[in-house]
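Asks: Residue numbers (UniProt numbering), protein chains in the order written: chain A, 1 to 148; chain B, 1 to 148.
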DNA sequence: ACAAATATTTGTATTTTGCAAATAAAATAA
DNA sequence: TTATTTTATTTGCAAAATACAAATATTTGT
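1) Based on DSSP bridge pairs, tell me the residues matched to residue 48 of chain A.
2) Please go through the UniProt domain "HTH marR-type" (1-135) of chain B and give each complete beta strand (DSSP E) segment of 3 or more residues, from N-terminal end onward.
3) Using a Cβ-Cβ cut-off of 6 Å (strictly less than) and excluding sequence neighbours within five positions of residue 49 of chain B, which residues of its own chain qualify?
4) Going by the beta-carbon positions, is the gap between residue 107 of chain B and residue 13 of chain A smaller than 9 Å?
5) Taking all protein chains shown into account, decide if residue 3 of chain A is buried (16 or more other Cβ within 10 angstroms of its Cβ) or exposed.
6) Which chain A residues are close to residue 131 of chain B, counting only those with a beta carbon under 7 Å from its beta carbon?
7) Output, in chain order, the set of chain A residues within a Cβ distance shorter than 9 Å of residue 69 of chain B.
8) Checking 9 Å against the spacing of the C-beta atoms, do residue 96 of chain B and residue 133 of chain B come in under that value?
9) Who are the neighbours of residue 111 of chain A on chain B, taking C-beta pairs under 8 Å?
10) Going straight from the alpha carbon of residue 26 of chain A to that of residue 20 of chain A, what length do you get?
11) Closer than 9 Å, CB to CB, is residue 15 of chain A near chain B or not?
12) So, is the C-beta of residue 23 of chain B closer than 9 Å to a C-beta in chain A?
13) Starting from the beta carbon of residue 127 of chain B, find every residue of chain A whose beta carbon is closer than 9 Å, and list them in chain order.
14) So residue 55 of chain A packs on residue 11 of chain B, CB below 8 Å; how close in whole Å?
15) Kindly give me the distance between the Cβ atoms of residue 52 of chain B and residue 92 of chain B, rounded to whole angstroms, as I take these residues to be in contact under 8 Å.
16) So, under 8 Å CB-CB, residue 103 of chain A and residue 22 of chain A are touching, yes? Tell me the CB distance rounded to an integer number of Å.
17) Tell me whether residue 121 of chain A is buried or exposed, calling it buried when 16 or more other Cβ atoms sit within 10 Å of its Cβ.
18) Thinking C-beta only, is residue 16 of chain A closer than 9 Å to residue 152 of chain A?
19) Is the beta carbon of residue 58 of chain A within less than 8 Å of some heavy atom of the ligand FAD?
20) Determine, using beta carbons only, whether residue 88 of chain B comes closer than 9 Å to chain A.
21) Mind listing the chain B neighbours of residue 57 of chain A? Cutoff is C-beta to C-beta under 9 Å, in chain order.
22) Who are the Cβ neighbours of residue 74 of chain A in its own chain at under 7 Å, not counting the five residues just before and after it?
23) Looking at C-alpha atoms only, which residue of B:35, B:113 and B:124 is the closest neighbour of residue 141 of chain A?
24) Suppose contacts are defined by Cβ-Cβ distances below 9 Å. Is residue 66 of chain A in contact with residue 58 of chain A by that definition?
25) What number of angstroms, rounded off, separates the C-alpha of residue 43 of chain A from the C-alpha of residue 77 of chain A?
26) Which residues of chain A have a Cβ atom closer than 7 Å to the Cβ of residue 120 of chain B, listed in chain order?
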């Protein structure tokens with residue numbers, strides 16, 4: 001059996017690189033961290049700051065400042081929550097949504113190209129494998145706070 | 001078919017977290033970037049600075065300074081190459097090797113624990129899937145300089 | 001021998017990071 | 001209900017990471 005960590009290392013490095021390279025949309029450049037933030041805000045419905053910071057395992061103070069930047073850039077909207085006045089609710093502006101969508105399209109395009117080199121069966125197998133992996137990782141208790 | 005990017009995002013985030021959490025060995029704390037550097041130096045035979053910086057897609061000036069730190073910490077040895085006097089050759093000190101090995105053991109331990117939740121057949125399938133994925137990503141030309 | 005290319009370092013300025021502390025609101029306890 | 005504790009977020013601050021431009025040294029190509 002080959003070195004499993006090495007396989008993961010290569011795979012995640014490549015995917016990380018892909019994410020990074022998809023951070024330039026037209027005249028706008030965002031950082032990898034910002035791209036992840038947009039992605040998660042887009043995915044959730046009116047999440048709070050703490051919620052997204054937790055998901056990204058990001059220090060809340062760093063996150064707070066990144067959100068300030070994204071608001072200044074006009075990509076994120078931050079509104080006080082009506083229910084709990086400690087909480088701020090996040091959402092994407094039209095511009096932010098556009099960026100997030102464009103990045104998403106590019107990444108999925110690349111992935112589609114990669115999968116086009118496989119047979120349909122292989123593709124199904126690989127996808128099922130990643131799902132299984134994610135499920136097993138989620139169950140594991142050995143490591144990796146913050147868990148989510 | 002579900003969202004493929006999301007599957008990757010979750011998987012790589014988890015693995016990234018694992019890597020990060022395995023950066024503390026006893027009294028020594030290294031950064032994630034430094035952990036990756038140690039890993040790659042360990043993997044190659046007397047690599048040059050440029051070589052490792054390329055593999056990690058790291059700016060060479062940032063890399064140079066990180067190596068300076070690792071040398072100061074006593075984890076990396078940097079020697080002028082006999083063949084080409086522009087080049088410096090990198091290797092791990094005993095201490096550095098120890099750190100790298102310990103990190104490697106911890107990560108593989110976690111992965112083993114994750115795989116222990118699968119049948120032998122599933123495990124084989126997942127590993128073969130990741131390998132296939134890596135091969136197909138390597139072939140792809142659409143995206144992702146720096147390629148390696 | 002000379003120009004161009006390669007490997008590495010330093011100057012410098014910007015950005016990111018994260019701990020400690022502050023603020024404000026909500027939840028819980030007395 | 002008032003006091004205390006907890007939770008969400010921001011700011012101060014100092015250290016670390018980042019990257020572009022320029023410098024240095026060496027090698028390669030002509």
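Cβ coordinates follow ideal geometry from the N, Cα and C atoms, glycine included.
Replies: According to the data block:
1) Locating residue 48 of chain A in the first chain gives position 48, where the first residue counts as 1. Within the DSSP secondary-structure output, residue 48 of chain A pairs in a beta bridge with A:89.
2) Runs found: 76-80 and 88-92.
3) If you number the second chain from 1, residue 49 of chain B lands on position 49. Excluding positions up to five away in sequence, the list reads 88.
4) Within the second chain, the letter at position 107 stands for residue 107 of chain B. Within the first chain, the letter at position 13 stands for residue 13 of chain A. Contact flag unset, no.
5) Locating residue 3 of chain A in the first chain gives position 3, where the first residue counts as 1. That one is exposed.
6) Counting from one through the second chain, the residue named residue 131 of chain B turns up at place 131. By Cβ distance, chain A contributes 7.
7) By one-based count along the second chain, residue 69 of chain B stands at place 69. Counting only Cβ-Cβ distances below 9 Å, residue 69 of chain B has no contacts in chain A at all, with the closest Cβ about 21 Å away.
8) Taking the first residue of the second chain as 1, we reach residue 96 of chain B at position 96. Taking the first residue of the second chain as 1, we reach residue 133 of chain B at position 133. Result no, Cβ atoms of residue 96 of chain B and residue 133 of chain B do not sit closer than 9 Å.
9) Mapped onto the first chain, residue 111 of chain A falls at position 111. Here the neighbours are 4, 5 and 8.
10) The sequence position of residue 26 of chain A within the first chain is 26, counting from 1. The sequence position of residue 20 of chain A within the first chain is 20, counting from 1. So the alpha carbons of these two residues sit roughly 15 Å apart.
11) Taking the first residue of the first chain as 1, we reach residue 15 of chain A at position 15. Output row for residue 15 of chain A: interface = yes.
12) Here residue 23 of chain B corresponds to residue number 23 of the second chain, with the count starting at 1. Output row for residue 23 of chain B: interface = no.
13) Position 127 of the second chain, counted from the start, is the residue given in the question as residue 127 of chain B. Simply 1, 2, 4, 7 and 129.
14) Indexing the first chain from 1 puts residue 55 of chain A at position 55. Indexing the second chain from 1 puts residue 11 of chain B at position 11. Cβ atoms of residue 55 of chain A and residue 11 of chain B stay farther apart than 8 Å, at about 14 Å.
15) Sequence index remark: in the second chain, residue 52 of chain B carries index 52 (1-based). Sequence index remark: in the second chain, residue 92 of chain B carries index 92 (1-based). At roughly 12 Å, the Cβ-Cβ gap does not stay under 8 Å, so residue 52 of chain B and residue 92 of chain B are not in contact.
16) Within the first chain, numbered from 1, the residue matching residue 103 of chain A stands at position 103. Within the first chain, numbered from 1, the residue matching residue 22 of chain A stands at position 22. Their Cβ separation, rounded to whole angstroms, is 5 Å, which keeps residue 103 of chain A and residue 22 of chain A in contact under 8 Å.
17) If you number the first chain from 1, residue 121 of chain A lands on position 121. The residue in question, residue 121 of chain A, is exposed, as its Cβ has fewer than 16 Cβ neighbours within 10 Å.
18) Since the first residue of chain A shown is 1 and the last is 148, residue 152 of chain A is not available in this structure.
19) Judged by which ligands are present, the structure shown has none, so any question about the ligand FAD falls away.
20) Numbered from its first residue, the second chain carries residue 88 of chain B at position 88. Under the Cβ distance rule, residue 88 of chain B does not count among the residues neighbouring chain A, no pair being separated by less than 9 Å.
21) Counted from its first residue, the first chain places residue 57 of chain A at position 57. Here the neighbours are 13, 16, 17 and 20.
22) On the first chain, position 74 is the one that residue 74 of chain A refers to. Taking residue 74 of chain A as the centre and dropping the five residues before and after it, the same chain places the C-beta of 93 and 95 closer than 7 Å to its C-beta, in chain order.
23) Position 141 of the first chain, counted from the first residue, corresponds to residue 141 of chain A. Nearest of B:35, B:113 and B:124 to residue 141 of chain A, Cα basis: B:113.
24) Within the first chain, residue 66 of chain A is the residue found at index 66, counting from 1. Within the first chain, residue 58 of chain A is the residue found at index 58, counting from 1. Yes.
25) For the purposes of this step, residue 43 of chain A is identified with residue 43 of the first chain, where counting begins at 1. For the purposes of this step, residue 77 of chain A is identified with residue 77 of the first chain, where counting begins at 1. Residue 77 of chain A has its alpha-carbon roughly 15 Å from the corresponding atom of residue 43 of chain A.
26) Locating residue 120 of chain B in the second chain gives position 120, where the first residue counts as 1. Under the 7 Å cutoff, chain A gives no residues; its nearest Cβ is about 11 Å from residue 120 of chain B.
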